[in-house]
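Residue numbers (the numbering used here), protein chains in the order written: chain A, 1 to 117; chain B, 1001 to 1420.
Ideal placement from N, C-alpha and C gives every residue a C-beta, glycine not left out.
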Amino acid sequence: MFLIKCPYCGERDQSEFNCGGEAHIVRPKNPPDLTDDQWADYLFMRKNIKGIQFERWNHSNGCRRWFNVTRNTATDEILKIYNMGEQPPIVTGIAPKTPSGETSIGSGNISTSYTKK
Amino acid sequence: MHKKPKKYSIFSLIKNAFSYHENWQPVWRSPEPKNNYDAIIIGGGGHGLTTAYYLAKNHGLTNIAVIEKGWIGGGNTGRNTTIIRSNYLWDQSAALYEHALKLWEGMSQELNYNVMFSQRGVMNVAHTLHDVRELKRRWHANRLNDIDCEWLNTKEVKEFCPIINISPNIRYPVMGATLQRRGGTARHDAVAWGYARGADAMGVDIIQNCEVTSLNVNNGQVIGIETTRGSIKSKKIGVVAAGHSSVIANMVGIRLPLESRPLQALVSEPVKPVIDTVVMSNTIHAYVSQSDKGELVIGAGTDGYTSYTQRGGFNIVEDTITAVVELFPLFSRMKMLRHWGGIVDICPDASPIISKTHINGLYFNCGWGTGGFKATPGSGWVFAHTIANDEPHKLNVPFTINRFSSGELVDEHGAAAVAH
Ligand SMILES: Cc1cc2nc3c(=O)[nH]c(=O)nc-3n(C[C@H](O)[C@H](O)[C@H](O)COP(=O)(O)OP(=O)(O)OC[C@H]3O[C@@H](n4cnc5c(N)ncnc54)[C@H](O)[C@@H]3O)c2cc1C
Ligand SMILES: [Zn+2]
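Quick look at the structure:
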């Protein structure tokens, strides 16, 4: 549940957009030479990061144009929006203190900060 | 050694009634982690707890620990809509889920813990010609695999579930349904607690509020873990972390084909019994049953993006409710009381990964996505076998990570995509 600022239309509800998954996955330059493992890696394997992730979004119920988004998947906070073809930006955000930990805002689960009385 | 837990019975209930139920004992211990275990299970959800239980029970490994970052069952195990069935399309999945369903049928007795497994039947409704063909194909496949399944026409659907709207004028009219009578629901928390109690009684350490922060690997062999409560050594580690599987895999450079996404559910105010079965629809992304407390338990489809926030978009809930109200007009004025999300590990072929890895002693059980609750006992059974023998059980041979390279995918989108 968040807003996305489409670079072409401005701020709209997330439900107007479709996420195209992890960004910057380069299409193999030499498809015939790839091993089965390399194909599997390209087609299926994903970083699926908890924290800052680069991903592609499409304004499918609006201008229908693609762009890249830097988003903190632990909080859903959007940190940066940039054009297709651009390099991923360097950004900082509120990362969980531990890899699987929950952040103080936005996670809906405070299990790891729970202390017994 | 610790004391065996007291057996629950009508007599223990009466006896405790005399002391106003103030003397019930804790159901499992809360030990400090030891330095060394024969096996460690990461993740105290249903699948992790059943893995530990069957490692102890079927394979005699009792010096083991379940490490849970929050509280046991606080992940998807305690957040799901508890639909249990085994009517999957392909032989591999049918065998896996049916084995689990058989374990459900004896679970409360085996654990001496009431998991409230209720075989009230699961109906998968068809709304389009395509649905009818797809569901009939699955019905025939189920029968060939000796899995109980029936086809109901629209009139029979209405007889089985009288409150359903079969008007031909609704946007997605009911054109028939499959019915698996042995399917149903169970009490999710009780499943986690019952297996925790059983595992604990055999000596398994259940360690809560302890997050695994890295894995230690030496020369291609796993040797232990670092946690928020110190390091622990073990040469066998099973990862059963659902939505967080990739986070743990990324610690040792293992690539998984997973995307973690929110899946939402909601419950209504409690009302008198109105629906005594489970109704599911893939096409309109909705499924509903009624809990023993009287609440309607309603599940939605996944949100379409990666997130670990355990909440999703309101539009998804709105879509689901719109569909549910059209199918069941008498729900239109019910108040919804609670709403939440869980983080589900979506696999490209909608089938799980229960597999060895290229690191010795490190095993993954993940990718159950939106539909793993029903498999809880069977998943632990085969994963325990895989860990104990360093070889898969015959039921999980097809569910390796390597299938994404070999192309032997087990495509269960028809049986598993949205509905559970
Ligand atoms: C809303 C919703 C509805 C669903 N409906 C159904 C349904 O009707 N039928 C069905 O069959 N399935 C359903 N599912 C899917 C089902 O809930 C899951 O597939 C199943 O419960 C997964 O069990 P698990 O034990 O693998 O995961 P979980 O119960 O999520 O357990 C994983 C555990 O790992 C812990 N963990 C993670 N990282 C770490 C770490 N670093 N260190 C220590 N611990 C860690 C987590 O805290 C968590 O407790 C639904 C899911 C959701 C969210
Ligand atoms: Zn736009």
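*Using three-state DSSP, classify B/T1386 as helix, strand or coil.*
Here residue 1386 of chain B refers to the residue found at position 386 of the second sequence. Assigned with DSSP and collapsed to three states, B/T1386 falls in helix.
*Taking all protein chains shown into account, do 16 or more other C-beta atoms lie within 10 angstroms of the C-beta of A/N48, making it buried, or fewer, making it exposed?*
Taking the first sequence and counting its residues from 1, one reaches residue 48 of chain A at position 48. It is buried - the Cβ of A/N48 has at least 16 other Cβ atoms within 10 Å.
*Could you tell me whether the Cβ atoms of B/T1370 and B/V1278 are closer together than 8 Å?*
Here the question's residue 1370 of chain B lines up with position 370 in the second sequence. Here the question's residue 1278 of chain B lines up with position 278 in the second sequence. Contact flag unset, no.
*Name the residues in the segment 1023-1047 of chain B whose C-beta lies less than 8 Å from a C-beta of chain A; which are they?*
So nothing in the stretch comes that close.
*Where does A/L152 sit, in a helix, a strand or coil, going by DSSP?*
Examination of residue 152 of chain A is not possible in this model, given that chain A is present from 1 through 117 alone.
*Taking any Cβ of chain A, which residues in the segment 1245-1257 of chain B have a Cβ under 8 Å from it, in chain order?*
Correct list: S1246, V1247, I1248, N1250, M1251, R1255, L1256, P1257.
*asked:* Looking at B/R1182: is its Cβ nearer than 8 Å to the Cβ of B/L1101?
replied: Counting from one through the second sequence, the residue named residue 1182 of chain B turns up at place 182. Counting from one through the second sequence, the residue named residue 1101 of chain B turns up at place 101. Yes, these two residues count as a Cβ contact at 8 Å.
_Where the alpha helix (DSSP H) containing B/E1098 begins and where it ends_ = As a first step, residue 1098 of chain B is located in the second sequence; it is residue number 98 there, counting from the start. It spans 1091-1105 - the alpha helix (DSSP H) in which B/E1098 sits, taken as one unbroken run.
*May I ask whether a heavy atom of ligand 2 can be found less than 7 Å away from the beta carbon of A/H59?*
As a first step, residue 59 of chain A must be located in the first sequence, where it is residue number 59. At least one heavy atom of ligand 2 is nearer than 7 Å to the Cβ of A/H59, so yes.
_Does the CB of A/T92 have a neighbour CB from chain B at under 8 Å?_
Counted from its first residue, the first sequence places residue 92 of chain A at position 92. Output row for A/T92: interface = no.
*Taking B/C1366 as the reference, give the member of B/L1266, B/Q1208, B/V1240 with the closest Cα.*
Here residue 1366 of chain B refers to the residue found at position 366 of the second sequence. The shortest C-alpha to C-alpha distance from B/C1366 to any of B/L1266, B/Q1208, B/V1240 is the one to B/V1240.
*Residue-level contact to chain B via CB, A/M1, 8 Å cutoff*: The residue labelled residue 1 of chain A in the question sits at position 1 within the first sequence. Yes, because at least one Cβ of chain B sits closer than 8 Å to the Cβ of A/M1.
*asked:* Count Cβ pairs between the segment 1249-1259 of chain B and the segment 1351-1365 of chain B that sit closer than 8 Å; are there 3 or more?
replied: Contact holds: three or more Cβ-Cβ distances are below 8 Å.
*Between the segment 1200-1209 of chain B and the segment 1064-1073 of chain B, do three or more beta carbon pairs fall short of 8 Å?*
As far as the Cβ criterion goes, the segment 1200-1209 of chain B touches the segment 1064-1073 of chain B, which means the pair count is three or higher.
_Across the segment 1026-1042 of chain B and the segment 1056-1068 of chain B, are there enough close Cβ pairs to call them in contact, namely three or more that are closer than 8 Å?_
Contact between the segment 1026-1042 of chain B and the segment 1056-1068 of chain B is established, with three or more Cβ pairs separated by less than 8 Å.
*Within this structure, are the beta carbons of B/V1212 and B/I1248 separated by less than 8 Å?*
For the purposes of this step, residue 1212 of chain B is identified with residue 212 of the second sequence, where counting begins at 1. For the purposes of this step, residue 1248 of chain B is identified with residue 248 of the second sequence, where counting begins at 1. Contact: yes.
*Quick one: using the 10 Å Cβ neighbour count with 16 as the cut-off for buried, is B/W1139 buried or exposed?*
Along the second sequence, one-based indexing puts residue 1139 of chain B at 139. Buried, because 16 or more other Cβ atoms sit within 10 Å of the Cβ of B/W1139.
_Between the segment 39-55 of chain A and the segment 71-81 of chain A, can you find at least three pairs of beta-carbon atoms closer than 8 Å?_
With a cut-off of 8 Å, the segment 39-55 of chain A and the segment 71-81 of chain A count as touching, because enough Cβ pairs lie within range.
*Helix, strand or coil: which one does DSSP assign to A/K5?*
As a working mapping, residue 5 of chain A is identified with position 5 in the first sequence. Strand at A/K5.
*With 8 Å as the threshold, decide whether the Cβ of B/E1259 is near any Cβ in chain A.*
Taking the second sequence and counting its residues from 1, the one referred to as residue 1259 of chain B is at position 259. Interface residue, yes.
*asked:* I'd like the list of long-range same chain contacts for A/S111, defined as Cβ closer than 8 Å, with 5 residues on each side in sequence excluded.
replied: In the first sequence, the residue the question calls residue 111 of chain A occupies position 111. Confidence at A/S111 is low in this model, with a pLDDT of 40, below 50, so its placement is unreliable and no value can be given for it.
*Partner residues on chain B for A/G21, Cβ-Cβ distance less than 9 Å*: What you label residue 21 of chain A is simply residue 21 of the first sequence in a count that begins at 1. Those within 9 Å of A/G21 in chain B are E1259, Y1305, T1306.
*asked:* Extract the residue ranges of the alpha helix (DSSP H) inside the segment 1200-1272 of chain B, only unbroken runs of 4 or more that lie entirely within it.
replied: Unbroken alpha helix (DSSP H) runs of no fewer than 4 residues, entirely contained in the segment 1200-1272 of chain B, are found at 1245-1251, following chain order.
_Residues from the segment 42-54 of chain A in contact with chain B, defined by Cβ distance under 8 Å_ = Residues passing the 8 Å Cβ filter: L43, F44, M45, R46, K47, N48, I49, K50, Q53.
*Among B/V1204, B/S1355, B/F1331, B/M1280, which has the Cα closest to the Cα of B/H1127?*
Position 127 of the second sequence, counted from the first residue, corresponds to residue 1127 of chain B. Closest option to B/H1127, Cα to Cα, is B/M1280.
_Quick check on DSSP: helix, strand or coil for B/D1345?_
The sequence position of residue 1345 of chain B within the second sequence is 345, counting from 1. DSSP, read as helix, strand or coil, puts B/D1345 in strand.
*Express the C-alpha separation of B/G1194 and A/I4 in angstroms, rounding to a whole number.*
One-based indexing of the first sequence puts residue 4 of chain A at position 4. One-based indexing of the second sequence puts residue 1194 of chain B at position 194. Pairing A/I4 with B/G1194, the inter-Cα distance amounts to about 44 Å.
*Could you check the C-alpha separation between B/T1386 and B/L1096 for me, to the nearest Å?*
Counting from 1 along the second sequence, the entry for residue 1386 of chain B is found at position 386. Counting from 1 along the second sequence, the entry for residue 1096 of chain B is found at position 96. If I take the Cα positions, the gap works out to 14 Å.
*Burial state of B/I1084 (16 or more Cβ within 10 Å)*: Taking the second sequence and counting its residues from 1, one reaches residue 1084 of chain B at position 84. With 16 or more Cβ atoms within 10 Å of its Cβ, B/I1084 is classed as buried.
*asked:* Just checking: is the beta-carbon of A/F98 within a distance shorter than 8 Å of some beta-carbon in chain B?
replied: Sequence index remark: in the first sequence, residue 98 of chain A carries index 98 (1-based). Checking the sequence shown, residue 98 of chain A turns out to be Thr, not Phe. For A/T98, the answer is yes, since a Cβ of chain B falls inside 8 Å of its Cβ.
*asked:* On the criterion of 16 or more Cβ atoms from any shown chain inside 10 Å, does B/G1060 qualify as buried, or is it exposed?
replied: Looking up residue 1060 of chain B in the second sequence gives position 60. The residue in question, B/G1060, is exposed, as its Cβ has fewer than 16 Cβ neighbours within 10 Å.
*asked:* Which runs of the beta strand (DSSP E) at least 3 residues long sit entirely within the segment 1027-1056 of chain B? Give them in chain order.
replied: Listed in chain order, the complete beta strand (DSSP E) runs (minimum 3 residues) inside the segment 1027-1056 of chain B are 1039-1042.
_Own chain, CB closer than 6 Å to B/D1411, minus 5 neighbours either side, in chain order_ = For the purposes of this step, residue 1411 of chain B is taken as residue 411 along the second sequence, with counting starting at 1. D1349.
*Other residues of its chain near B/S1307: CB distance less than 6 Å, five sequence neighbours each side excluded*: Taking the first residue of the second sequence as 1, we reach residue 1307 of chain B at position 307. Contacts found: P1262.
*Any Cβ of chain B within less than 8 Å of the Cβ of A/H59?*
Within the first sequence, the letter at position 59 stands for residue 59 of chain A. No, its Cβ sits nowhere closer than 8 Å to a Cβ of chain B.
*Should A/P32 go down as buried or exposed, given a rule of 16 or more other Cβ atoms within 10 Å for buried?*
On the first sequence, position 32 is the one that residue 32 of chain A refers to. Note on A/P32: under 16 other CB atoms within 10 angstroms of its CB, so exposed under the neighbour-count rule.
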